[in-house]
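Residue numbers (the working numbering), protein chains in the order written: chain Z, 120 to 195; chain X, 757 to 1013; chain S, 3 to 356.
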Amino acid sequence: MAKIHGAVTIERERCKGCDLCVVACPCDVLALQPKEVNDRGYHFAYPAKEEACIGCAACAMVCPDACIEVYKVIVK
Amino acid sequence: MKREDIIKPENKVYSRPRLLDDNIMHYCPGCSHGVVHKIVAEVIDELGLEEHAIGIAPVGCAVFAYNYIDCDWVEAAHGRAPALATAVSRLNPDKVVFTYQGDGDLAAIGTAETIHACTRGENIVIIMINNGIYGMTGGQMSPCTLEGAKTATTPYGRRVDLNGFPLRVGNVVSILDGTCYVTRQAVHTTAAVRKAKAAIRKAFLNARAKKGTSFVEIVGTCSSGWKMSPEKSNKWMEENMFAHYPLGDIKDTDKTE
Amino acid sequence: MKGNEAIAHAAIRYGADGYFGYPITPQSEVLETLEALMPWETTGMVVLQAESEVSSINMVYGGAATGKAVMTSSSSPGVSLMQEGISYLAASELPALIVNVMRGGPGLGTIHPSQSDYFQATKGGGHGDYHLIVLAPSTVQEMADFVALGFDLAFKYRTPSMILADGIVGQMMEKVVLPPQRPRRTAEQIKEQCPWAVTGREGSRKRNVVTSLELDSAVMEKNNERFQRTYREIEKNEVRYEARYTEDADYLIVAFGSIARICLKAIEDARKEGIKIGLVRPITLWPFPFDAIREAARNVKGILCVEINAGQMIEDVRLAVSDRVPVCHFGRMGGIVPNPQEVLDALKKDFINK
Chain Z
120 MAKIHGAVTI ERERCKGCDL CVVACPCDVL ALQPKEVNDR GYHFAYPAKE
170 EACIGCAACA MVCPDACIEV YKVIVK
Chain X
757 MKREDIIKPE NKVYSRPRLL DDNIMHYCPG CSHGVVHKIV AEVIDELGLE
807 EHAIGIAPVG CAVFAYNYID CDWVEAAHGR APALATAVSR LNPDKVVFTY
857 QGDGDLAAIG TAETIHACTR GENIVIIMIN NGIYGMTGGQ MSPCTLEGAK
907 TATTPYGRRV DLNGFPLRVG NVVSILDGTC YVTRQAVHTT AAVRKAKAAI
957 RKAFLNARAK KGTSFVEIVG TCSSGWKMSP EKSNKWMEEN MFAHYPLGDI
1007 KDTDKTE
Chain S
3 MKGNEAIAHA AIRYGADGYF GYPITPQSEV LETLEALMPW ETTGMVVLQA
53 ESEVSSINMV YGGAATGKAV MTSSSSPGVS LMQEGISYLA ASELPALIVN
103 VMRGGPGLGT IHPSQSDYFQ ATKGGGHGDY HLIVLAPSTV QEMADFVALG
153 FDLAFKYRTP SMILADGIVG QMMEKVVLPP QRPRRTAEQI KEQCPWAVTG
203 REGSRKRNVV TSLELDSAVM EKNNERFQRT YREIEKNEVR YEARYTEDAD
253 YLIVAFGSIA RICLKAIEDA RKEGIKIGLV RPITLWPFPF DAIREAARNV
303 KGILCVEINA GQMIEDVRLA VSDRVPVCHF GRMGGIVPNP QEVLDALKKD
353 FINK
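Right under this line is the structure:
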């Protein structure tokens, strides 16, 4: 059976920590940094459970700041 | 599979829109404007319109839209974008002209310009973000503020006996003979984003085909103005805004003809 | 033809790209004539009756942003409504032509002629530090000629210009020689002459943005300094006026537009009585011919500023002569136009028989 491997890149300085990507992710991959902030003081999003990513791009689509890019590999 | 094996150009399935500028957007965290900007940038790119699209920016939060989407822009006075678009389109019929406005700009001070551009059937796209508030000036009541909603100028909630009823702009312009396509969309979920993108794409195609005025209303959030987190704002929008502003196509002359 | 009709014919012959207007007395013939001539069938000029003067001027703003030669016309109350757009045009450094065929105010006022928008036209009118190039025609011929002049100056300096006419010259019928038909500029010419214009971001060109907004105070001050440099340049190069009988004059009349012709008749009548009066007729109300008036006033005993208003241009005339010569005003209001005898009587009362 084919297995999907996904990965996201998040431009940390562009992220405003709005949390919408975290909510949108069906696989609970993303989280906001609990302590660390970017240069503008936002708790930016990061892939906390990156192995669970299926590359569906839901996070990227709802991201208002276009800071997420998505990659996907299907291994047959 | 290792992360570095996945993150390769050939595996990319979602990119930052090419026509979105590198500037960091000034919008508040979670603002719907950003998502709609992305969609507009994608549609212009995908339809090959980057040399033909001319945007008219509003006064309001989206006043700096010209800093983000990489096409030619004119920044209008408050509410006047459809008047500018009328002239730009008539004098440059080979261009695809769109306005990008908020509900305060379009449906209060710009009502006359909107109604008459729509009734003349100008070959333009009008995109209106309906978040029921004046965001830029600090969260005052707008034409689309819901009954009971608290804003800076309705601190105890909008009262219809004092402030009148919230305006369903899409429904108003849909009865005008010059509009060919009127739709109400949202961008709070992936499904909604897909539908909104299809709507904006259709609107741009209508303008290119000179079918008349296309009006795309996007029900959006203003978490700063609403004083809620972006996530709560989405929920509040689903529970309250959609009841008064139901999503979906209101008019499509392609289907009725 | 009427002055208003001359404006319409001249606009087409200039090769104007667009006219956006709204009916208001006493200038509706401009729009009516254009609609009757149907220039969209010949030169391709766009003509549109807008839903208001507010929309008209903002259509002009949009059209001008694309580098097109666009214009509007109205009369005083309508031009008040346009002030927002005019300020934006000035701030965005856009060329455009605005015609004001003045009627009496304030408020809804009267449909009869007046010159009471002098302050509004020459001192800015809308918000912010700006000027329009203001041309004051006194004949139907000048109504026609100033269309091309107004457009040419607007494009030369990237600033809106205004023809400040009045109900008399708008409605008056005279013979007029219309200019030959000029072709409208091509898209290539516009791109070459107006590289700032919003024409679609082609190839590797950076996007053009026409805006009057700048939140960085340092940049906004620089923008304003640039506007002011342009205004100084216009003041240096573009002052226009007509001087008559000034060489030997004992008295001077300063008047603009239609009333200047009535004053000229008064001056010629006075010569028969042995009273030597000269006339300076400012053609550009901004930039104002300060030097010409100062020069003409060198040897006179008094200056009468004749205007169809309560006294507006008189402030600039006084500035020109710095109180070295007594300056009096004569004018009628409410739409009443004085005759030559009234003008002469006023001059005699103020300076000769006092």
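Yeah, the Cβ is synthetic: ideal placement off N, Cα and C, and Gly gets one too.
The model shown is predicted, which means the values in this text are computed figures rather than measured ones.
Of the listed residues the options, nearest to residue i (C-alpha basis)
| i | options | result |
| --- | --- | --- |
| ILE88(S) | GLU55(S), VAL142(S) and ASP168(S) | GLU55(S) |
| ASN157(Z) | VAL189(Z), GLY136(Z), ASP147(Z) and GLY174(Z) | GLY136(Z) |
| PRO183(Z) | VAL972(X), GLY860(X) and ARG772(X) | ARG772(X) |
| LEU2(S) | ARG187(S), MET222(S), ASN341(S) and TYR24(S) | The question about residue 2(S) has no answer, for chain S in this structure spans 3 to 356. |
| GLU144(S) | GLU309(S), ARG246(S), TYR253(S) and HIS11(S) | HIS11(S) |
| THR232(S) | LEU306(S), ILE113(S), PRO41(S) and TRP288(S) | TRP288(S) |
| ASP917(X) | ILE762(X), GLU903(X) and PRO838(X) | GLU903(X) |
| MET315(S) | ASN355(S), ILE261(S) and GLU297(S) | ILE261(S) |
| GLN85(S) | HIS129(S), VAL103(S) and THR74(S) | HIS129(S) |
| ASP1005(X) | THR977(X), TYR856(X), SER985(X) and LYS958(X) | LYS958(X) |
| GLU237(S) | VAL221(S), TYR132(S), GLU31(S) and PHE290(S) | PHE290(S) |
| TYR98(S) | SER75(S), PRO79(S), GLN343(S) and GLU244(S) | One point to set straight first is that residue 98(S) is Ala, not Tyr, in the sequence displayed. With distances taken between Cα atoms, ALA98(S) lies closest to SER75(S). |
| ILE113(S) | SER30(S), THR188(S) and PHE332(S) | SER30(S) |
| MET174(S) | LEU137(S), GLU7(S) and ILE192(S) | GLU7(S) |
| ASN239(S) | ILE135(S), ASN60(S), GLN122(S) and VAL62(S) | ILE135(S) |
| ALA839(X) | ARG940(X), THR867(X) and ILE956(X) | THR867(X) |
| ASP826(X) | ASP250(S), ARG203(S), ASP347(S) and ARG105(S) | ARG203(S) |
| LEU961(X) | ALA832(X), VAL853(X), ARG836(X) and ALA813(X) | VAL853(X) |
| VAL972(X) | ALA955(X), GLY981(X) and ARG964(X) | ALA955(X) |
| ILE285(S) | ASP325(S), SER163(S) and ILE26(S) | SER163(S) |
| THR45(S) | GLY20(S), THR141(S), TYR24(S) and VAL32(S) | GLY20(S) |
Straight-line gap, residue i to residue j (C-alpha atoms, nearest Å)
| i | j | result |
| --- | --- | --- |
| PHE292(S) | LEU321(S) | 8 Å |
| GLY64(S) | PHE22(S) | 11 Å |
| GLU130(Z) | LYS1011(X) | 42 Å |
| GLN230(S) | ASP318(S) | 19 Å |
| LYS126(S) | THR213(S) | For the record, residue 126(S) in the displayed sequence is Gly; it is not Lys. So the two alpha carbons sit approximately 19 Å from each other. |
| MET781(X) | VAL194(Z) | 37 Å |
| GLY313(S) | LEU803(X) | 59 Å |
| LEU932(X) | ARG846(X) | 20 Å |
| MET40(S) | VAL881(X) | 27 Å |
| LEU217(S) | THR188(S) | 35 Å |
| ASP119(S) | GLU34(S) | 24 Å |
| PRO785(X) | CYS134(Z) | 8 Å |
| CYS936(X) | ALA67(S) | 27 Å |
| GLU344(S) | PRO115(S) | 17 Å |
| THR875(X) | GLU869(X) | 10 Å |
| ARG326(S) | ASN301(S) | 11 Å |
Simplified DSSP assignment, three categories, for residue i
| i | result |
| --- | --- |
| PHE332(S) | strand |
| MET73(S) | strand |
| ARG15(S) | helix |
| ASN239(S) | helix |
| GLY65(S) | helix |
| SER898(X) | coil |
| THR128(Z) | strand |
| ALA942(X) | strand |
| VAL81(S) | helix |
| THR45(S) | coil |
Contacts of residue i in chain X (Cβ-Cβ under 9 Å)
| i | result |
| --- | --- |
| VAL32(S) | Going along chain X, no residue has its Cβ under 9 Å from VAL32(S), so there is no contact; the nearest lies around 17 Å. |
| THR45(S) | Ordered by position in chain X, no residue passes the 9 Å Cβ test against THR45(S), which lies about 13 Å from the chain. |
Partner residues on chain X for residue i, Cβ-Cβ distance less than 8 Å
| i | result |
| --- | --- |
| TYR190(Z) | ILE762, ILE763, LYS764, ASN767, LYS768 and VAL769 |
Interface residues of chain Z facing residue i [CB-CB closer than 8 Å]
| i | result |
| --- | --- |
| PRO773(X) | ALA185 |
Chain Z residues whose Cβ lies nearer than 9 Å to that of residue i
| i | result |
| --- | --- |
| TYR1040(X) | This structure cannot speak to residue 1040(X), because chain X is shown only from 757 to 1013. |
| LYS1011(X) | Correct list: empty, because the minimum Cβ distance to chain Z is about 27 Å. |
Contact list for residue i against chain S, beta-carbon separation under 8 Å
| i | result |
| --- | --- |
| CYS827(X) | GLY202, ARG203 and ARG209 |
| HIS872(X) | ALA52, GLU53 and SER57 |
Within chain Z, the residues that residue i reaches when beta carbons sit closer than 7 Å
| i | result |
| --- | --- |
| ILE780(X) | ARG133 |
| PRO986(X) | CYS137, ASP138 and LEU139 |
Residue i Cβ short of 7 Å to the ligand GDP heavy atom set
| i | result |
| --- | --- |
| LEU180(S) | Absence of the ligand GDP from the depicted structure is noted, as is the absence of any ligand whatsoever, leaving it without description. |
Contact list for residue i against chain X, beta-carbon separation under 7 Å
| i | result |
| --- | --- |
| LYS70(S) | LEU847 |
7 Å Cβ cut-off: residues of chain S touching residue i
| i | result |
| --- | --- |
| TYR822(X) | VAL211 and THR213 |
Quick one: complete beta strand (DSSP E) runs, 3+ long, within the segment 274–356 of chain S?
-> 279–284, 286–288, 304–308 and 329–332
Give, in chain order, every unbroken run of the beta strand (DSSP E) that is at least 3 residues long and sits entirely within the segment 89–140 of chain S.
-> 99–104 and 135–137
Length at least 4, wholly inside the segment 141–219 of chain S: the alpha helix (DSSP H) runs in chain order = 142–159, 169–173 and 189–195
What residue ranges within the segment 862–890 of chain X form continuous beta strand (DSSP E) runs of no fewer than 3 residues, ordered along the chain?
-> 880–886
Contiguous beta strand (DSSP E) assignments of at least 3 residues, all confined to the segment 153–185 of chain Z = 164–166
Taking only runs that begin and end inside the segment 798–850 of chain X, name each unbroken alpha helix (DSSP H) of 4 or more residues, in chain order.
-> 837–847
4 or more residues per run - each alpha helix (DSSP H) lying fully within the segment 908–977 of chain X | 916–919, 925–930 and 946–964
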